[in-house]
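Sequential numbering of the sequence shown, starting at 109, is according to our numbering. The beta carbon of each residue, even a glycine, is placed where N, CA and C say it ideally should be. Note sheet for the following structure.
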Amino acid sequence: MGAEGLRALVLAAMVPAAAAMSPQWRGLVNGTAMYIALGIIAASFVVCVSKSNKPLYMTSVVLTTVCTWLLWACCYMSQMYPILYPLLGEAPGAGHGDGGHADAGHAGGH
């Protein structure tokens, strides 16, 4: 099996998987693809422009791309399925801070 056959096999396997993905995961995959593209563009810029210290610049580009992608992916995934949900229908701060006592706001005696 040549490279073209392998490429066709991989693409044939990816298309049904991409169609079955929920919209949240499609956003993560699309964003990851954008980061990969930006990393490749930045790396090619380093290869074309840089004369000296190419390994240092390439390491910086790769680490920057990976770290910014990781930060973005964590933020994106934390919003996909949040742990805390807002309580609708209650006033902000209602029932908090008084310890369950009706007269907790009053100081001292009568």
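Query, Result
"So, for Thr176: in the same chain, excluding its five sequence neighbours on each side, which residues have a beta-carbon less than 8 Å away from its beta-carbon?", "Tyr143"
"Distance, Cα to Cα, Ile149 vs Leu196?", "46 Å"
"Suppose contacts are defined by Cβ-Cβ distances below 9 Å. Is Val169 in contact with Gly139 by that definition?", "no"
"Got a sec, what are the start and stop residues for the alpha helix (DSSP H) Ser152 sits in?", "Pro131 to Val157"
"Does the Cβ of Val155 have 16 or more other Cβ atoms within 10 Å, making it buried, or fewer, making it exposed?", "exposed"
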